[in-house]
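Trainee: Residue numbers for the sequence shown follow my numbering, beginning at 697 and rising by one.
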Amino acid sequence: MAIHAKLGATPWCFASQPTDELVIGISAYKSHNMEGRYLGSAFSFTNEGHFQGFDCFRSNQIAELAGSVALAVKNYCAERKSLQRLVIHFYKRLSGKELKPVEKALAGLGLKIPVVVVSVNKSYSDDVVGFDMSQAYLMPVSGTYMPVGYNLYLLFNNQLIKGNEKLSDKEGYPFPLKITLQQFLPGSSEHSDMSDEQVDVLLRQVCRFSQLYWKSVSRQWMPVTLRYPEMLAQIVPHFKYRDLSETGSENLWFL
């Protein structure tokens, strides 16, 4: 599977989705052996899980990162002209200062689409947990979520699915993820409320993207939109030259 993905193929993906979305994951890694520098990466996927490409930046290259997001949107729209929403999976809560370059880049493309930022806490949530007393392992089924604050949700993302009561000890028993949702409508810098249906779609999307880990058949507790950038950011600091060729950013060679 990993070799298949390294060569640019798609081992598996999802069925066609009702909305035409571009999903971009942005994460970072702090190296303790490389002067503590942060490297951020932007990975883009279609809503069906087809890999589009990636890029890698230093922590202070916010403008370049925003330009990369805009370029991914531009290339996507060149193939599909019906983009309805941009979804950004971010490794922390996105501040207004960090979002502004992205908004400016999208405005330069003339796109009037909503931007949804799904901030996934990369650390396990161990202060708020939940139990399902009807399950043998007391662990809620994957995809179960509950609100724990304003636009803040606790998402259970694990190997337990409906109809499958068996759990593998190798895949562990992960704590739930804390996720913050922020929706920014076109021309607005203030996030707006979302309907229960929109929240459900976005949180289930996080679970779906956890199944795209093409390095093995084991389900990941973190979506690949954040898992892949973290893997890449651990490798790139050791390269002599930072610039990746066009071919090097179009396939998952690091798997």
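The beta-carbon is built from N, C-alpha and C at its ideal position, and this holds for glycine as well.
Would residue 834 be called buried (16 or more neighbouring beta carbons within 10 Å of its own) or exposed?
Mentor: Your numbering for residue 834 matches position 138 in the sequence shown. When all chains shown are included, residue 834 counts as exposed.
Trainee: Report all residues from its chain with a CB closer than 7 Å to the CB of residue 911; omit the five preceding and five following residues, and keep chain order.
Mentor: Against the sequence shown, residue 911 aligns to sequence position 215. 698 and 951.
Trainee: Quick check: the stretch 925–936 against the stretch 873–892, are at least 3 beta-carbon pairs closer than 8 Å?
Mentor: Contact fails: fewer than three Cβ-Cβ distances are below 8 Å.
Trainee: Assign residue 722 to buried or exposed, taking buried as 16 or more other Cβ atoms, counted over all protein chains shown, within 10 Å of its Cβ.
Mentor: Translated into the one-based positions of the sequence shown, residue 722 becomes position 26. Buried.
Trainee: Measuring alpha carbon to alpha carbon, tell me which of 884, 903 and 724 ends up nearest residue 875.
Mentor: Residue numbering aside, residue 875 sits at position 179 when the sequence shown is read from its first letter. Looking at the Cα atoms, 903 is the closest of the given residues.
Trainee: Is it buried or exposed for residue 846, if we count other Cβ within 10 angstroms and need 16 for buried?
Mentor: Here residue 846 is taken as the residue at index 150 of the sequence shown, counted from 1. It counts as exposed.
Trainee: What residue range does the beta strand (DSSP E) around residue 925 cover?
Mentor: Start at 1 with the first residue of the sequence shown, and residue 925 comes out as number 229. Careful: residue 925 lies outside any beta strand (DSSP E), inside the alpha helix (DSSP H) at 920–931.
Trainee: Which residue marks the beginning of the alpha helix (DSSP H) containing residue 896, and which one marks its end?
Mentor: Residue 896 sits at position 200 when you count from the first residue of the sequence shown. Element bounds for residue 896: 892–905.
Trainee: Give the secondary structure of residue 810 by DSSP, where H, G and I count as helix, E and B as strand, and everything else as coil.
Mentor: Residue 810 sits at position 114 when you count from the first residue of the sequence shown. Three-state result, residue 810: coil.
Trainee: Compare the beta carbon distance of residue 807 and residue 768 with 9 Å and say whether it is the shorter of the two.
Mentor: For the purposes of this step, residue 807 is taken as residue 111 along the sequence shown, with counting starting at 1. For the purposes of this step, residue 768 is taken as residue 72 along the sequence shown, with counting starting at 1. Cβ atoms of residue 807 and residue 768: not closer than 9 Å.
Trainee: What residues match up with residue 829 in a beta bridge as DSSP calls it?
Mentor: Stepping through the sequence shown from its first residue, residue 829 is reached at position 133. Paired residue(s): none; residue 829 is not in a bridge.
Trainee: Please state whether DSSP places residue 746 in a helix, a strand or coil.
Mentor: For this step, residue 746 is matched to residue 50 along the sequence shown. Reduced to three states, the DSSP call for residue 746 is coil.
Trainee: Hey, residue 899 and residue 812: beta-carbon distance below 9 Å or not?
Mentor: For the purposes of this step, residue 899 is taken as residue 203 along the sequence shown, with counting starting at 1. For the purposes of this step, residue 812 is taken as residue 116 along the sequence shown, with counting starting at 1. In this structure, residue 812 does not lie closer than 9 Å to residue 899 by Cβ.
Trainee: DSSP three-state label for residue 837, please.
Mentor: What you label residue 837 is simply residue 141 of the sequence shown in a count that begins at 1. Residue state, collapsed to three classes: coil.
Trainee: From what residue to what residue does the alpha helix (DSSP H) around residue 767 run?
Mentor: Locating residue 767 in the sequence shown gives position 71, where the first residue counts as 1. Counting along the chain, the alpha helix (DSSP H) containing residue 767 begins and ends at 758–775.
Trainee: Would DSSP call residue 802 helix, strand or coil?
Mentor: In the sequence shown, the residue the question calls residue 802 occupies position 106. Three-state result, residue 802: helix.
Trainee: Is it buried or exposed for residue 703, if we count other Cβ within 10 angstroms and need 16 for buried?
Mentor: Working through the sequence shown from its first residue, we reach residue 703 at position 7. Exposed, by the Cβ-count rule.
Trainee: Taking C-beta to C-beta, are residue 738 and residue 752 nearer than 9 Å?
Mentor: Within the sequence shown, numbered from 1, the residue matching residue 738 stands at position 42. Within the sequence shown, numbered from 1, the residue matching residue 752 stands at position 56. Yes, these two residues count as a Cβ contact at 9 Å.
Trainee: Look up residue 945 in the DSSP assignment and say whether it is helix, strand or coil.
Mentor: Residue 945 sits at position 249 when you count from the first residue of the sequence shown. Note: residue 945 maps to helix in three-state DSSP.
Trainee: From the DSSP output, in three-state form, read off residue 858 for me.
Mentor: On the sequence shown, residue 858 is found 162 positions in, with the first residue counted as 1. Reduced to three states, the DSSP call for residue 858 is coil.
Trainee: By Cβ distance below 8 Å, which residues in the same chain neighbour residue 713 in space, the five residues on each side in sequence not counted?
Mentor: Here residue 713 refers to the residue found at position 17 when the sequence shown is read from its first residue. Taken in chain order, the residues that qualify are 743 and 744.
Trainee: For residue 707 and residue 762, which I take to be in contact (beta-carbon distance under 8 Å), what is that distance rounded to the nearest angstrom?
Mentor: Here residue 707 refers to the residue found at position 11 when the sequence shown is read from its first residue. Here residue 762 refers to the residue found at position 66 when the sequence shown is read from its first residue. No, residue 707 and residue 762 are not in contact; Cβ-Cβ is about 31 Å, not under 8 Å.
Trainee: Return helix, strand or coil for residue 711, following the three-state DSSP convention.
Mentor: On the sequence shown, residue 711 is found 15 positions in, with the first residue counted as 1. Three-state DSSP puts residue 711 in coil, outside helix and strand.
Trainee: Hey, would you say residue 907 sits closer than 9 Å to residue 916, going by beta carbons?
Mentor: By 1-based counting over the sequence shown, the position of residue 907 is 211. By 1-based counting over the sequence shown, the position of residue 916 is 220. In contact: residue 907 and residue 916 (Cβ atoms closer than 9 Å).
Trainee: Measuring only the C-alpha atoms, how far is residue 842 from residue 709?
Mentor: For the purposes of this step, residue 842 is taken as residue 146 along the sequence shown, with counting starting at 1. For the purposes of this step, residue 709 is taken as residue 13 along the sequence shown, with counting starting at 1. Using only the alpha carbons, I get a separation of about 27 Å.
Trainee: Specify the secondary structure class of residue 797 as computed by DSSP and reduced to three states.
Mentor: Counting from 1 along the sequence shown, the entry for residue 797 is found at position 101. Reduced to three states, the DSSP call for residue 797 is helix.
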